[in-house]
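Participant: Anchor point for the sequence shown: position 16 equals 256 in my numbering, and the numbering is continuous, going up by one each time. We put the beta carbon where it would ideally sit given N, CA and C, even for glycine. Every value quoted in this text rests on a predicted model; they were computed, and no experiment measured them. Quick one: structure below, then a few questions.
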Amino acid sequence: MEFVGEIENLSDIQRKAVEKALEKLDFEGGPVTIEAVGKKGDNYVASVLRIKADTKDGKPIRMIAKVAPTNEALQLMIQAEKLFSNETIMYEQVLPKFDELQNAADFPSHDRIFRAKCYGTVDDELNELILLEDLKDKEFEMRDRMVSLTNDEIRMALKQLAQIHALSFALQDKEPELYKKYANLLFDKWIQPHDEEKKSKVFMFFSFAALEQMLLGFLKSDKDKKRVQGAKGKSVECIMIDYQLSRLSSPVVDILYLIFNCTDIDTRKDHYNDWLDYYYKVLDDSLCHYNLKSSLVYPRDKMVEDLKRYGIEILFRVVTSSCDIHF
241 MEFVGEIENL SDIQRKAVEK ALEKLDFEGG PVTIEAVGKK GDNYVASVLR
291 IKADTKDGKP IRMIAKVAPT NEALQLMIQA EKLFSNETIM YEQVLPKFDE
341 LQNAADFPSH DRIFRAKCYG TVDDELNELI LLEDLKDKEF EMRDRMVSLT
391 NDEIRMALKQ LAQIHALSFA LQDKEPELYK KYANLLFDKW IQPHDEEKKS
441 KVFMFFSFAA LEQMLLGFLK SDKDKKRVQG AKGKSVECIM IDYQLSRLSS
491 PVVDILYLIF NCTDIDTRKD HYNDWLDYYY KVLDDSLCHY NLKSSLVYPR
541 DKMVEDLKRY GIEILFRVVT SSCDIHF
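This is the structure we're talking about:
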């Protein structure tokens, strides 16, 4: 295949993965154009490229390539290999399993989690790559990281979180061994290998806490990792696309990370409690489809307890990992 454009950003191994994905999409054999996506600072852990080609019928093929940095020092600093491994596990194993659970439960199409299609991955060190559906074709757009999400947009994101959390609880209930396998595979960025004392305490917490009150915590909920579809300037739909921080955690970790990292203080003051009520209602409704009750798998008082427990920790993470917070 002939690659043109930002070809220096793809290694030979990564190009072969792109070729394989394009062949599956009925690639017609013309040039494959590689373009850089976004501006400096938009993506912290990966370079993002847009891949353009055409099918044999002349229909456009569009993919997004998330490419790990090739600098070994940078890879080590941001733990890119492990974070890409997390996302690969999510797209290749966990999310397809969630599709199975939703299908088995005959979940309504309008209430299912939305996700980008994955066309292939590479997990070789310094060649990590994830190929995803280009959501621009569906009129999704990147939100400005420096602008707070609106009340409606946060509710859309909370709905997606509640639904994916419900799927985690459902997986734990219906296939506990598979759930444990996924939990063991996923890497927690916040536990450093050299921090043996902290590591021991956290693993003890995971081992002996009531597991029905834990789940796989999904995604880094930064504004720049959400694409919100709009109609006449109004957002109508959002989709989760970044799963690099998937790990064993409490549901409120995702909730608080989303709220602290994606809203300003005025929006939080006006809607914080309503957001929590809305999240829990969606969680409760979603669990019903899997014959589970929120009062048993994640009681509201447990959620309140977790909010108090993790609030300061999550605020600290937001402050230390991003300057994008508005007080």
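1. On a CA-only basis, which of Glu415, Leu547, Leu523 and Lys548 is nearest Val537? Give me that one, please.
2. Residues in its own chain within less than 7 angstroms of Asp377 by CB, not counting five upstream and five downstream?
3. To which residues of the same chain is Thr328 closer than 7 angstroms at the C-beta, ignoring the five residues directly before and after it?
4. Can you grab the Cα-Cα spacing for the pair Asn501 / Asp510, in whole Å?
5. Which residues does DSSP list as the beta-bridge partners of Phe267?
6. Starting from Arg352 and walking both ways along the beta strand (DSSP E), at which residues does that stretch end?
7. Tell me whether Ser251, by its Cβ, gets closer than 7 angstroms to a heavy atom of the ligand FMN.
8. Excluding the 5 residues preceding and the 5 following Leu398 in the sequence, name in chain order all residues of the same chain whose CB lies nearer than 8 angstroms to its CB.
9. Under 8 angstroms between the Cβ atoms of Val288 and Leu250?
10. What does the alpha-carbon distance come out to for the pair His350 and Ser475?
11. Between which two residues does the beta strand (DSSP E) holding Arg487 run?
12. By the three-class DSSP mapping on this structure, what secondary structure does Phe347 have?
13. Just to confirm before moving on: does the CB-CB distance between Val334 and Tyr422 stay below 8 angstroms?
14. How should Val535 be labelled, buried or exposed, when 16 other C-beta atoms within 10 angstroms of its C-beta is the threshold for buried?
15. When you compare the CB positions of Glu340 and Cys358, do they come within less than 8 angstroms of one another, or not?
16. So, are the CB atoms of Gln400 and Ser526 less than 8 angstroms apart?
17. Between Ala276 and Glu248, is the Cβ-Cβ spacing less than 8 angstroms?
18. Expressed to the nearest angstrom, what Euclidean distance is found between the alpha-carbon atoms of Cys366 and Leu425?
19. Quick one: residues in its chain with C-beta nearer than 6 angstroms to the C-beta of Met396, no 5 flanking neighbours on either side, listed in chain order?
20. What are the boundary residues of the alpha helix (DSSP H) that Val277 is part of?
21. Which runs of the beta strand (DSSP E) fall wholly inside the region 480-555 and span at least 3 residues, in chain order?
22. Which word fits Asn326, buried or exposed, when buried means at least 16 other C-beta atoms lie within 10 angstroms of its C-beta?
23. Assuming Arg290 and Asp374 form a contact by the criterion Cβ under 8 angstroms, report the distance between their Cβ atoms to the nearest whole angstrom.
24. Just to confirm the assignment, what range does the alpha helix (DSSP H) spanning Pro416 have?
25. I need the DSSP call for Arg302, collapsed to helix, strand or coil.
26. Within its chain, find whatever has a CB closer than 6 angstroms to the CB of Leu547; leave out the 5 residues flanking it on each side and keep chain order.
27. What is the DSSP secondary structure of Glu381, reduced to helix, strand or coil?
28. I'd like the span of the alpha helix (DSSP H) that includes Ile329, first residue to last.
29. For the putative contact between Ala406 and Tyr530, defined by C-beta atoms under 8 angstroms, what is the C-beta separation to the nearest angstrom?
30. Which of helix, strand or coil does DSSP assign to Glu373?
31. From this set, Lys260, Gln342, Ile253 and Ser408, which residue's C-alpha is nearest Arg487's C-alpha?
32. Using DSSP with H/G/I as helix, E/B as strand and the rest coil, what is Ser251?
Facilitator: Inspection of the coordinates gives the following:
1. For the purposes of this step, residue 537 is identified with residue 297 of the sequence shown, where counting begins at 1. Of the candidates Glu415, Leu547, Leu523 and Lys548, Leu523 places its Cα closest to the Cα of Val537.
2. Position 137 of the sequence shown, counted from the first residue, corresponds to residue 377. Contacts found: Arg302.
3. Sequence index remark: in the sequence shown, residue 328 carries index 88 (1-based). So the qualifying residues of the chain are Thr361, Asp363 and Ile370.
4. Indexing the sequence shown from 1 puts residue 501 at position 261. Indexing the sequence shown from 1 puts residue 510 at position 270. Each residue's alpha carbon lies about 16 angstroms from the other.
5. Counting from one through the sequence shown, the residue named residue 267 turns up at place 27. BP columns for Phe267 point to Thr295.
6. Along the sequence shown, read from residue 1 onward, the residue named residue 352 stands at position 112. From DSSP, Arg352 is part of no beta strand (DSSP E); its letter is neither H nor E.
7. Ligands are entirely absent from the displayed structure, and the ligand FMN is therefore not among its contents.
8. To locate residue 398, count along the sequence shown from 1; it is residue 158. Here Leu398 has Ile495, Leu498, Trp515, Tyr518, Tyr519 and Val522 as same chain residues with Cβ atoms under 8 angstroms from its own Cβ, once five neighbours each way along the sequence are excluded.
9. Position 48 of the sequence shown, counted from the start, is the residue given in the question as residue 288. Position 10 of the sequence shown, counted from the start, is the residue given in the question as residue 250. Going by C-beta atoms, Val288 is not nearer than 8 angstroms to Leu250.
10. Translated into the one-based positions of the sequence shown, residue 350 becomes position 110. Translated into the one-based positions of the sequence shown, residue 475 becomes position 235. The straight-line gap from Cα to Cα measures roughly 16 angstroms.
11. Position 247 of the sequence shown, counted from the first residue, corresponds to residue 487. Residues Arg487 to Ser489.
12. Residue numbering aside, residue 347 sits at position 107 when the sequence shown is read from its first letter. Coil.
13. Reading the sequence shown from its first residue, position 94 is the one you call residue 334. Reading the sequence shown from its first residue, position 182 is the one you call residue 422. Taking 8 angstroms as the Cβ cut-off, Val334 and Tyr422 qualify as a contacting pair.
14. Counting from 1 along the sequence shown, the entry for residue 535 is found at position 295. The identity of residue 535 in the sequence shown is Ser, whereas the question assumes Val. Classification of Ser535: exposed, given that the 10 Å Cβ count is below 16.
15. As a first step, residue 340 must be located in the sequence shown, where it is residue number 100. As a first step, residue 358 must be located in the sequence shown, where it is residue number 118. No; because the gap between Cβ atoms is not below 8 angstroms, this pair is not in contact.
16. Translated into the one-based positions of the sequence shown, residue 400 becomes position 160. Translated into the one-based positions of the sequence shown, residue 526 becomes position 286. The answer is no: Cβ separation not under 8 angstroms.
17. Here residue 276 refers to the residue found at position 36 of the sequence shown. Here residue 248 refers to the residue found at position 8 of the sequence shown. No, they are not a contact pair.
18. Against the sequence shown, residue 366 aligns to sequence position 126. Against the sequence shown, residue 425 aligns to sequence position 185. Residue identity check: residue 366 is Leu in the sequence provided, not Cys. So the two alpha carbons sit approximately 20 angstroms from each other.
19. The residue labelled residue 396 in the question sits at position 156 within the sequence shown. Closer than 6 angstroms at Cβ, skipping near neighbours: Cys478.
20. Working through the sequence shown from its first residue, we reach residue 277 at position 37. Where Val277 is concerned, there is no enclosing alpha helix (DSSP H), given that its DSSP letter is neither H nor E.
21. 487-489
22. Taking the sequence shown and counting its residues from 1, the one referred to as residue 326 is at position 86. Taking a 10 Å sphere around the C-beta of Asn326, we find 16 or more other C-beta atoms and assign the residue as buried.
23. The residue you call residue 290 lines up with position 50 of the sequence shown. The residue you call residue 374 lines up with position 134 of the sequence shown. Contact holds; Cβ gap of about 6 angstroms.
24. Counting from 1 along the sequence shown, the entry for residue 416 is found at position 176. Pro416 -> alpha helix (DSSP H) spans Pro416 to Leu425.
25. The residue you call residue 302 lines up with position 62 of the sequence shown. Of the three classes helix, strand and coil, the one that applies to Arg302 here is strand, per DSSP.
26. Translated into the one-based positions of the sequence shown, residue 547 becomes position 307. So the qualifying residues of the chain are Val492.
27. In the sequence shown, counting from the first residue as 1, residue 381 sits at position 141. Secondary structure at Glu381: strand, using DSSP grouped into helix, strand and coil.
28. Sequence index remark: in the sequence shown, residue 329 carries index 89 (1-based). Its alpha helix (DSSP H) spans residues Ala320 to Ile329.
29. Within the sequence shown, the letter at position 166 stands for residue 406. Within the sequence shown, the letter at position 290 stands for residue 530. With 8 angstroms as the limit, Ala406 and Tyr530 qualify as a contact, their Cβ atoms being about 7 angstroms apart.
30. Indexing the sequence shown from 1 puts residue 373 at position 133. Of the three classes helix, strand and coil, the one that applies to Glu373 here is strand, per DSSP.
31. Your numbering for residue 487 matches position 247 in the sequence shown. Among Lys260, Gln342, Ile253 and Ser408, the Cα nearest to that of Arg487 is on Ser408.
32. In the sequence shown, residue 251 corresponds to position 11, counting from 1. Correct three-state label for Ser251: coil.
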